[in-house]
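Report on the following structure.
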Amino acid sequence: MTIKWFDRLDSTNSELLRHIDEYDNLSVVAAVEQFAGRGQRGNRWLSRPGDNLTFSLLLKPRDLPAAEFMSLTFMATLAVRNWLEDQGVSASIKWPNDIYVGKRKICGMLIENGISEGKITYSVIGIGLNLNQEAFPGELVNPISLKRLTGKETDPREALEDILSRFDTASLENGEHRKMLLTEYEADLFQKGQLCLYRNLLNDNEFYGTIEGVTLGGRLRVDVNGTSCSFAFKEISYIL
Ligand code: BTN
């Protein structure tokens, strides 16, 4: 992988998307500061300049079926979760692509894909990981950083190299390996096996359910009163 560090960028995802043809497979763009960091659902991603990791990895797979786009999420979330484990922090994956420690968010991802003829042609995997930031703006709901958890400073550049070495990109283009990524991802799911409260966003009802796992297509499998249901992103939210 080749890493290109920028002092200041609007967004590392936007940088790769703007020049998608010029950047090769496995290019990484990282920024000390993002002035227009983008989050899920059109939200902003706020990160104090220099404190944290904000980077994006570009993949140009040759043989990844579009229906299995969630394998990208499985691979990326596992890389960060397992790296955190090495730092002595036990984290879980909040479906689809947040990393939580307890009920607090330490990492968010924005994955933007290109699809043609049923295949993923490119994927920009944008990751914001809170390393050294100690105070967060009030508009963020439940943030936490590695430093708040361990008391230790982490060098973002060293952390980036370490995390990238954990990306199992080779598994993406092999059906059996993709299933293994799913199994690993499911093992680390936030609230798995616990009876918890959720909101059905299709009818706005609250309900108790138990997360069982995720389908290869990425739907969340939840047991609701003994019935197995599955939800797409935007059909269910967590009530924490
Ligand atoms: C979220 O949880 O809402 C997703 C946050 C994703 C943030 C990262 S930071 C690096 C990359 N560049 C962006 O503009 N966003 C992603």
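Read in order, the letters of the sequence shown correspond to residues 9 to 248 in this note's numbering. Glycine included, every Cβ here is placed at the ideal spot set by N, Cα and C.
Neighbourhood of residue i by C-beta, 6 Å cutoff - its chain only, sequence neighbours within 5 removed
i, result
"residue 24", "31, 37, 64, 66 and 132"
"residue 15", "40"
"residue 9", "34, 36 and 172"
"residue 56", "141"
"residue 200", "219"
"residue 13", "38"
Cα-Cα separation between residue i and residue j, rounded to whole angstroms
i, j, result
"residue 231", "residue 220", "7 Å"
"residue 33", "residue 68", "5 Å"
"residue 120", "residue 51", "15 Å"
"residue 213", "residue 246", "12 Å"
"residue 151", "residue 114", "6 Å"
"residue 183", "residue 145", "42 Å"
"residue 19", "residue 35", "15 Å"
"residue 44", "residue 233", "43 Å"
"residue 242", "residue 175", "27 Å"
Close beta carbons around residue i, own chain, < 8 Å, minus the five adjacent residues each side
i, result
"residue 187", "224"
"residue 235", "none"
"residue 101", "85, 86, 89, 107, 108, 193, 196, 197 and 198"
"residue 111", "150 and 248"
"residue 103", "197, 198, 219, 222 and 228"
Nonlocal neighbours in the same chain, by C-beta distance under 7 Å from residue i, ignoring five residues either side
i, result
"residue 139", "59, 60, 61, 153, 154, 155, 162, 164 and 167"
"residue 157", "97 and 109"
Where residue i sits in the DSSP three-state scheme
i, result
"residue 171", "helix"
"residue 106", "strand"
"residue 227", "coil"
"residue 141", "coil"
"residue 4", "With the chain covering only 9 through 248, there is no way to say anything about residue 4."
"residue 54", "coil"
"residue 43", "coil"
"residue 150", "coil"
"residue 162", "coil"
"residue 38", "strand"
"residue 59", "coil"
"residue 83", "helix"
"residue 132", "strand"
Per-residue burial, residue i [other beta carbons within 10 Å of its own, 16 or more giving buried]
i, result
"residue 143", "exposed"
"residue 202", "exposed"
"residue 250", "Summary: the structure shown does not reach residue 250, with the chain confined to residues 9 through 248, and so no result is reported for it."
"residue 105", "buried"
"residue 21", "buried"
"residue 82", "buried"
"residue 190", "buried"
"residue 205", "exposed"
Exercise. In chain order, what residues place their C-beta within less than 6 Å of a heavy atom belonging to the ligand BTN?
Worked result: 19, 20, 21, 42, 45, 46, 47, 48, 51, 53, 62, 63, 64, 106, 116, 117, 118, 134, 135 and 136
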